[in-house]
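Each remark here refers to the structure printed beneath this line.
In my numbering, the protein residues as written are 22 to 301.
Below you can see the structure in the form of structure tokens.
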């Protein structure tokens with residue numbers, strides 16, 4: 022109930038800020054020292070939110086399907102790619118975290134490059150990935166690889182921090198039981214890493230959505246919400262609300278993926294608390 026309240030409060034705050042700025046904002050935007058710091062408040066740049074919702078119910082083209090159906094199908098297509106990219110990225114991140122925790126020399130040598138990998142602009146990397154894999158992979162698989170590129174980083178860093186979180190006394194206790202590295206990993210380090218893992222997975226899910234959308238735009242993959250944003254942007258001057266319907270779909274897709282990951286947290290964290298109580 023608390024989470025639902027905060028979600029509704031966030032939506033209400035966003036609506037008030039959007040519509041409030043349209044009331045007090047300038048049609049030419051807010052300029053400070055010759056630089057526009059806030060967008061234009063006219064209907065072409067910032068249509069009313071109810072106008073966007075109304076546009077969802079009207080046909081995409083004359084006699085065509087309603088916009089909400091088109092957006093929903095595009096989100097479903099992107100969600101499939103996102104799921105594949107998320108699974109690949111999460112798996113790679115978990116493996117990297119375990120290897121870096123096991124071998125300190127690997128952590129020292131590899132972690133800087135893991136961090137450095139996220140400084141490469143995705144819009145510059147996506148065409149390269151599409152060029153490398155265009156001959157051996159279908160377009161959707163190329164986009165999934167791009168999504169996994171963004172997804173692996175938070176999992177690798179968060180899981181590494183979680184695996185290193187057990188206290189020295191806990192590790193010494195496992196050694197006193199003659200527990201090897203693998204048993205210590207399963208019985209001590211992995212349960213201790215769950216509070217670090219799930220926030221990382223939520224970030225990875227949202228990052229995978231961003232990577233899939235950018236990948237669809239950069240590679241020209243049709244059928245997804247990224248391509249739909251580009252197509253609707255061409256009609257921004259004549260139908261600005263239509264552009265925001267695709268953006269709304271992408272935002273809701275990111276929230277849906279993060280929420281789906283959060284559902285996995287409930288049973289595992291409940292099991293962790295049960296194990297802790299039994300151990301105590």
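Backbone N, C-alpha and C define an ideal beta-carbon position, used for all residues, glycine too.
Helix, strand or coil at residue 141 according to DSSP, with G and I counted as helix: Along the chain shown, one-based indexing puts residue 141 at 120. Looking at residue 141 - three-state DSSP - the assignment turns out to be coil, as it is neither helix nor strand.
Segment contact, 8 Å Cβ cut-off, at least three pairs: the segment 138 to 158 with the segment 80 to 94: no
Nearest-angstrom Cα separation, counted from residue 135 out to residue 241: For the purposes of this step, residue 241 is taken as the residue at position 220 of the chain shown. For the purposes of this step, residue 135 is taken as the residue at position 114 of the chain shown. If you take the alpha carbons of residue 241 and residue 135, they lie about 28 Å apart.
Residue 283 versus residue 118 - alpha carbon distance: Position 262 of the chain shown, counting from 1, holds the residue named residue 283. Position 97 of the chain shown, counting from 1, holds the residue named residue 118. Spanning the two alpha carbons is a distance of roughly 21 Å.
Residue 305 classed as buried or exposed, judged by whether at least 16 other C-beta atoms fall within 10 angstroms: Because the chain in this structure spans residues 22 to 301, residue 305 falls outside the shown range and cannot be described.
Straight-line Cα distance separating residue 195 from residue 92: Here residue 92 corresponds to residue number 71 of the chain shown, with the count starting at 1. Here residue 195 corresponds to residue number 174 of the chain shown, with the count starting at 1. C-alpha separation (whole angstroms): 53 Å.
Spatial neighbours of residue 120 in its chain, beta-carbon cut-off 7 Å, leaving aside the 5 residues before and after: In the chain shown, residue 120 corresponds to position 99, counting from 1. Same-chain partners within the cutoff: 127.
Residue 57 - containing beta strand (DSSP E), residue span: One-based indexing of the chain shown puts residue 57 at position 36. First-last of the beta strand (DSSP E) with residue 57: 56 to 59.
Selection from 70, 53, 46 that minimises the alpha carbon distance to residue 269: The residue labelled residue 269 in the question sits at position 248 within the chain shown. Among 70, 53, 46, the Cα nearest to that of residue 269 is on 70.
Through-space distance from residue 180 to residue 190, alpha-carbon basis: Position 169 of the chain shown, counting from 1, holds the residue named residue 190. Position 159 of the chain shown, counting from 1, holds the residue named residue 180. Computed Cα separation, rounded: 20 Å.
Separation of residue 164 from residue 146, as counted between CA atoms: Translated into positions along the chain shown, residue 146 becomes position 125. Translated into positions along the chain shown, residue 164 becomes position 143. As the crow flies, the alpha-carbon of residue 146 is around 11 Å from that of residue 164.
In DSSP terms, what residue 87 is bridged to: The residue labelled residue 87 in the question sits at position 66 within the chain shown. Beta-bridge pairing by DSSP links residue 87 to 80.
Euclidean distance between Cα positions of residue 249 and residue 175: Numbered from 1 along the chain shown, position 228 holds the residue referred to as residue 249. Numbered from 1 along the chain shown, position 154 holds the residue referred to as residue 175. If I take the Cα positions, the gap works out to 28 Å.
Alpha-carbon spacing of residue 233 relative to residue 200, whole angstroms: Here the question's residue 233 lines up with position 212 in the chain shown. Here the question's residue 200 lines up with position 179 in the chain shown. Cα to Cα, residue 233 sits roughly 42 Å from residue 200.
Nearest neighbour of residue 72, chosen from 276, 166, 260, 273 [CA to CA]: As a working note, residue 72 is residue 51 in the chain shown. Distances from the CA of residue 72 to each of 276, 166, 260, 273 were compared; the closest alpha carbon is that of 260.
Euclidean distance between Cα positions of residue 216 and residue 104: Locating residue 216 in the chain shown gives position 195, where the first residue counts as 1. Locating residue 104 in the chain shown gives position 83, where the first residue counts as 1. Distance between the alpha carbons of residue 216 and residue 104: 22 Å.
For residue 301, three-class secondary structure by DSSP: Reading the chain shown from its first residue, position 280 is the one you call residue 301. Confidence is the limiting factor: at residue 301 the pLDDT is only 42, short of 50, which leaves the residue's position unreliable, though a coordinate-based value still follows. Residue 301 falls in the coil class under three-state DSSP.
8 Å contact criterion, which residue 169 and residue 101 should meet: CB distance rounded: Taking the first residue of the chain shown as 1, we reach residue 169 at position 148. Taking the first residue of the chain shown as 1, we reach residue 101 at position 80. With a Cβ gap of about 14 Å, residue 169 and residue 101 do not count as contacting.
Reference residue 138; option with closest CA among 125, 161, 114, 123: Taking the chain shown and counting its residues from 1, one reaches residue 138 at position 117. Among 125, 161, 114, 123, the Cα nearest to that of residue 138 is on 114.
Three-state class that DSSP yields for residue 51 in the structure shown: On the chain shown, residue 51 is found 30 positions in, with the first residue counted as 1. Looking at residue 51 - three-state DSSP - the assignment turns out to be strand.
Inter-residue CB distance, residue 172 and residue 225 (contact presumed, cutoff 8 Å): Against the chain shown, residue 172 aligns to sequence position 151. Against the chain shown, residue 225 aligns to sequence position 204. Between residue 225 and residue 172 the Cβ distance is about 4 Å, and since that is below 8 Å, they are a contact.
Neighbourhood of residue 229 by C-beta distance below 6 Å, restricted to the same chain and skipping five residues each side: Taking the first residue of the chain shown as position 1, residue 229 is located at position 208. The residues are 103, 106, 107, 168, 172.
6 Å CB neighbourhood of residue 308 in its chain, flanking five on each side removed: Nothing about residue 308 can be read from this structure; the chain reaches only from 22 to 301.
Cβ-Cβ distance between residue 57 and residue 46 below 7 Å: For this step, residue 57 is matched to residue 36 along the chain shown. For this step, residue 46 is matched to residue 25 along the chain shown. No.
Simplified DSSP assignment, three categories, for residue 196: Translated into the one-based positions of the chain shown, residue 196 becomes position 175. Three-state DSSP puts residue 196 in a helix.
Test item: CB-CB of residue 267 and residue 223 under 7 Å: Residue mapping note: residue 267 aligns to position 246 of the chain shown, counting from 1. Residue mapping note: residue 223 aligns to position 202 of the chain shown, counting from 1. Against a cut-off of 7 Å, the Cβ pair of residue 223 and residue 267 comes out as no contact.
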